[in-house]
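Using the numbering used here, the first residue of the sequence shown is number 9, and each one after it goes up by one. Have a look at the structure below, then the notes.
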Amino acid sequence: MQERGSRLESQVNVLFTDVPANKSNDATKQDVESRGVKVESINSDLYEAIMIQTKWLVAMQFMTLGLGLFLAKLLF
Numbered sequence: 009m010q011e012r013g014s015r016l017e018s019q020v021n022v023l024f025t026d027v028p029a030n031k032s033n034d035a036t037k038q039d040v041e042s043r044g045v046k047v048e049s050i051n052s053d054l055y056e057a058i059m060i061q062t063k064w065l066v067a068m069q070f071m072t073l074g075l076g077l078f079l080a081k082l083l084f
């Protein structure tokens, strides 16, 4: 039990040193804005891309359903 506790303690210590190092490398809102990129434009582009992808996915599902019904009617 002591061995497991000491292993857990060492893993937690590694985690405490890794998390702040990773956070320091993340871009902040000020970093992004200093490069001339508007966060709102990124959000709107992302939402537009998701909307297009969703429309395409739903259209493909309906086409697959229609093809399946057509084949079922043809075969049976």
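Built from N, CA and C at the ideal position, the CB exists for glycine as well.
Apart from the five residues just before and just after THR62, which ones in its own chain have a Cβ nearer than 7 Å to its Cβ? Excluding positions up to five away in sequence, the list is empty.
Mapping the DSSP letters down to three states, classify MET9 as helix, strand or coil. coil
Roughly how many angstroms lie between the CA atoms of TRP64 and GLU56, to the nearest whole one? Distance from the CA of TRP64 to the CA of GLU56, rounded to the nearest whole angstrom, comes to 12 Å.
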